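K.L.:
Under our numbering, the sequence shown has 474 at position 476, and the numbering climbs by one with no breaks.
All C-beta atoms, glycine included, are put in the ideal place defined by N, C-alpha and C.
Computed from a predicted model, the values in this text were never measured in an experiment.
Have a look at this one before I ask anything.
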Amino acid sequence: MANFETVEVNTDLLIIGGGFSACGAATEAAYWAKKNGLKIALVDKAAMDRSGAVAMGLSAINQYVGVKDGENTLEDYVRYVRQDLMGISREDLVYNIARHVDSSVHLFEKWGLNIWLDEDGKYVHEGRWQLMINGESYKVIIAEAAKNALADAGGEIYERIFIVAPLMDGNKCVGAVGFNTRENQFYVFKAKAVIIGAGGAVHVFRPRSVGEGFGRSWYPPFNSGTSAYFTIQAGAEMTCQEVRFIPVRFKDAYGPVGAWFLLFKSRAISAEGGDYMVVREDELNNWAPYGLAKPIPANLRNYLGMLDVEAGLGPLYMETDEAIQKIAAEYKDDPKAYKKKMKELETEAWEDFLDMTISQAILWASQNVKPEEKHSEIAACEPYFIGSHSGASGAWVSGPEDIDTPYKWGYTNMTTVDGLFAVGDGSGASSHKFSSGSHAEGRIAGKSAIKYIVEKGAEPNVDMAKVEELQKKILAPLDLFEAHKGETTDPEININYIMPRQFLFRLQKIMDEYAGGVTSAFKTSKALLERGLELIGVLQEDSDKQAAGNLHDLMRIWENTQRMWIAESHIRTMLFREETRWPGYYFRSDTPKMDDENWKCFTNCRWDPNTGEWEMMKKDIWTMPGV
Ligand code: SFD
Ligand code: AMP
């Protein structure tokens, strides 16, 4: 076996991930841990300052309810999420996050984040729920607060450690194992409770950008689905695994559109000039009641644009020039004021990307785009798994203690596995939490996990024989490479193994062609899904034939395996749900309509670690009384 040092870490609470939800968890848990004399360890695959989806920064905080100013109520937010997810949301979780999110935002401001203010000192809104920020350093600020809180409570931070799998004691999670991405070290974390906040997943589907552009995507390439893999392997029940997210973005560099639609009030049009939201309005009747209420759900907005593309009316364009000119037109009688406003709008347009998707600004510059002069192409991206945005996949977690729902079996945000909590993109059916809501949810879970440890936390009972078995399995790709690399002139091409890049291509091809990716125009069917599942089965047989020439390859291999498991849960859940509920995310052409009578429910699944069998189930939707 490869020569690795084993590092053992003993803690009370283990937080996996260093992103928005994990930072929230660390900040809150540190406070309660200090009070109770407990230890926390946080482990991140990367460096917390710039890890996760917010690595590049963001230009808006997408969830702020504004309760203190009487702007909205918590119930308004519950209605908004219900509407955007076509009726499928855990309203208890959404409510719980909504009532805590404003305080996370106020903390961000206190920690130094610059939230735009108007002349009256009020937050500048991008839209009803969104606030504009100067967010290039958003992640650094939030990570710094989490690090300070951990330091104050004597907590430990482990960076560049890739977590692979959970350690289990029956149905109880007692830690995690992983490896150092820079040194030959195998890590064993033993804990009384574990919070998984390792983000969503990208590159499960073939991206639009391949070859020289491979690795470019809207969602950060470094989030590979560890959260979902971890909870599935632990035997936790998952929910909404079919609800992938497809954002519409500026084409090829994936610049976000929110500021354009909401702040600049821009239109999106086809090459013929028609605004698909107007031209195709009738289609919305087919998706009532959600198609007929405002705001029109993200998937339906996507769908109307996709219908234009299918009809050969592409490319689609964001009317940036029209939007900017329209806003500036108010000042047209005063040439000096007009010039100033135009300059300000131009700056805002570029800053929107420079704050969060720098590559889009580079692409604009390289293609001579002047947003104030000429419109810019947009397109639907490949599918991602991001339950914190407008997708919904993730673990099925226990609801808040004080709300009377059918979804309570223990501590808030605990999965169906004892001692394992999930947050952010790791917890499902609580969409539209974004950066701020993920942080708030992390805080909720951080407090809840410490309560669990205080009330129930026993010393973790870790089976070291099992750890050894896991270590062998996790490091095996290095041995496989060593054993056979000399048998061919190019070690990348070898009959005894497959390199991680080729394995990834195989997974992406299956998902793209059978599970409704870009090249199949986001369409699939029972027959396609069944064939896809068959091919995933064959891929799984080959997954332990992946070989690693170095630590980087080893990380790529376990990222691939994690993605493959999400892929399977995704296909199985799309197969199970015999309707089309989210056209614009995916369309099942054999069941092309929404079927409220049979499918207005959560579709949950669970992989049984003892039998290796998947179980699919429906769960009722609980609606908040009076909302
Ligand atoms: O407009 C392991 N999001 C936006 N949210 C906003 O509030 N405003 C915006 O403007 C947003 N925009 C946006 C957004 C996302 C992206 C990708 C873009 C633009 C380009 C959404 C938020 O970013 C998102 O909701 C939160 O970040 C979710 O938080 P969380 O904690 O669930 O995920 P994370 O922050 O990505 O952190 C994941 C962490 O896990 C680590 N990790 N650690 C150990 N072992 C492993 N195997 C691991 N795998 C991953 C990561 O390193 C990271 O620390 S807009 O376009 O929508
Ligand atoms: P995006 O940049 O697409 O991620 O959007 C940022 C925020 O604006 C999210 O809260 C979206 O749901 C919201 N949003 C984007 N476009 C629209 C739109 N056309 N109508 C309503 N909300 C939108």
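Taking 6 Å as the cut-off, is the CB of residue 420 close to at least one heavy atom of ligand 1?
P.N.:
No, the Cβ of residue 420 stays beyond 6 Å of every heavy atom of ligand 1.
K.L.:
Put residue 104 into one of helix, strand or coil per three-state DSSP.
P.N.:
Residue 104: helix per DSSP, three-state reduction.
K.L.:
Where does residue 616 sit, in a helix, a strand or coil, going by DSSP?
P.N.:
Here residue 616 sits in strand by DSSP.
K.L.:
Between which residues of its own chain and residue 443 is the CB-CB distance below 6 Å, once the five residues before and five after are set aside?
P.N.:
Excluding residues within five positions, the ones whose Cβ falls inside 6 Å are 23, 193, 411, 419 and 421.
K.L.:
Please name the residue, chosen from 604, 590, 509 and 12, that lies closest to residue 565 on a Cα-to-Cα basis.
P.N.:
When only C-alpha atoms are compared, the closest one is 509.
K.L.:
CB of residue 606 to nearest heavy atom of ligand 1: below 6 Å?
P.N.:
No, ligand 1 has no heavy atom inside 6 Å of this Cβ.
K.L.:
State yes or no: is the C-beta of residue 242 within less than 7 Å of the C-beta of residue 389?
P.N.:
For residue 242 and residue 389, yes; Cβs fall inside 7 Å.
K.L.:
Does the beta-carbon of residue 100 have 16 or more other beta-carbons within 10 angstroms, so that it is buried, or is it exposed?
P.N.:
Counting Cβ neighbours within 10 Å, residue 100 comes out buried, since at least 16 surround it.
K.L.:
Should residue 135 be counted as a contact of ligand 1 given a C-beta to heavy atom distance under 6 Å?
P.N.:
No, the Cβ of residue 135 stays beyond 6 Å of every heavy atom of ligand 1.
K.L.:
To the nearest whole angstrom, what separates the beta carbons of residue 173 and residue 36, a pair I think is in contact under 8 Å?
P.N.:
About 15 Å separates the two Cβ atoms, so there is no contact after all.
K.L.:
Under the assumption that residue 17 contacts residue 52 (Cβ atoms under 8 Å), give the Cβ distance between them as a whole number of angstroms.
P.N.:
Confirmed, about 7 Å.
K.L.:
Rounded to whole angstroms, what is the Cα-Cα separation between residue 30 and residue 152?
P.N.:
Roughly 12 Å between the two C-alpha positions.
K.L.:
Can you tell me whether residue 596 is buried or exposed? The criterion is at least 16 other CB atoms within 10 Å of its CB, across all chains shown.
P.N.:
Answer is exposed; the Cβ neighbour count stays below 16.
K.L.:
Rounded to whole angstroms, how far is the Cβ of residue 478 from the Cβ of residue 545, which I believe are closer than 8 Å?
P.N.:
Contact holds; Cβ gap of about 4 Å.
K.L.:
Tell me, please, which residues DSSP counts as bridged to residue 8.
P.N.:
188.
K.L.:
Per the DSSP calculation, residue 164 is bridged to which residue(s)?
P.N.:
According to DSSP, residue 164 bridges with 174.
K.L.:
For residue 230, which residues in the same chain have their Cβ closer than 7 Å to its Cβ, ignoring the five residues on either side in sequence?
P.N.:
Counting only Cβ-Cβ distances below 7 Å, and skipping sequence neighbours, we find 236, 563, 567 and 605.
K.L.:
With a CB to CB cut of under 6 Å and the five nearest residues on each side skipped, what residues in its chain are close to residue 55?
P.N.:
Same-chain partners within the cutoff: 133, 134, 136, 353 and 354.
K.L.:
Among residues of its own chain, excluding the 5 on either side of residue 501, which ones have a beta-carbon nearer than 8 Å to its beta-carbon?
P.N.:
537, 540, 541, 544, 555 and 558, listed in sequence order.
K.L.:
Which partner residues does residue 236 have in the DSSP bridge list?
P.N.:
Residue 236 is bridged to 393 and 603.
K.L.:
Is residue 382 closer than 7 Å to residue 217 when the C-beta atoms are compared?
P.N.:
Yes. Within cutoff.
K.L.:
Taking 7 Å as the threshold (C-beta atoms), are residue 79 and residue 429 in contact?
P.N.:
Against a cut-off of 7 Å, the Cβ pair of residue 79 and residue 429 comes out as a contact.
K.L.:
Could you pull the start and end residues of the beta strand (DSSP E) that residue 276 belongs to?
P.N.:
Note, residue 276: premise wrong, no beta strand (DSSP E); alpha helix (DSSP H) at 274 to 277.
K.L.:
Measuring straight from C-alpha to C-alpha, what distance separates residue 188 and residue 282?
P.N.:
Rounded to the nearest angstrom, the two C-alpha atoms are 52 Å apart.
K.L.:
Excluding five sequence neighbours on each side, which residues of the same chain lie with their C-beta closer than 8 Å to the C-beta of residue 614?
P.N.:
The residues are 570, 571, 574, 601, 602 and 603.
K.L.:
Helix, strand or coil, according to DSSP, for residue 375 in the structure here?
P.N.:
DSSP places residue 375 in strand when its eight states are reduced to three.
K.L.:
With distances taken Cα to Cα, identify the nearest neighbour of residue 405 among 314, 90 and 2.
P.N.:
Checked all of 314, 90 and 2; the closest Cα to residue 405 is 90.
K.L.:
Determine the extent of the alpha helix (DSSP H) in which residue 452 is found, giving its start and end residues.
P.N.:
Counting along the chain, the alpha helix (DSSP H) containing residue 452 begins and ends at 432 to 454.
K.L.:
Taking C-alpha atoms, which residue in 86, 308, 44 and 98 lies nearest to residue 65?
P.N.:
Nearest of 86, 308, 44 and 98 to residue 65, Cα basis: 98.
K.L.:
Is there at least one non-hydrogen atom of ligand 2 closer than 6 Å to the beta-carbon of residue 297?
P.N.:
Not under cutoff, so the answer is no.
K.L.:
Could you tell me whether the region 362 to 379 touches the region 309 to 319, where touching means 3 or more Cβ pairs closer than 8 Å?
P.N.:
At 8 Å Cβ cutoff, the stretches touch.
K.L.:
Under 7 Å, do residue 521 and residue 432 count as touching if we go by C-beta distance?
P.N.:
No.
K.L.:
Unbroken beta strand (DSSP E) runs of length 3 or more, entirely within the region 276 to 321: which are they?
P.N.:
Runs of the beta strand (DSSP E) inside the region 276 to 321: 314 to 316.
K.L.:
Who pairs with residue 521 in a beta bridge, going by DSSP?
P.N.:
The partner list for residue 521 (beta bridge, DSSP) reads 585.
K.L.:
Would a C-beta distance cut-off of 7 Å place residue 196 and residue 413 closer than the cut-off?
P.N.:
Cβ distance not < 7 Å, so residue 196 and residue 413 don't count as in contact.
K.L.:
Considering just the uninterrupted stretch of the beta strand (DSSP E) at residue 248, what are its terminal residues?
P.N.:
Residues 246 to 248.
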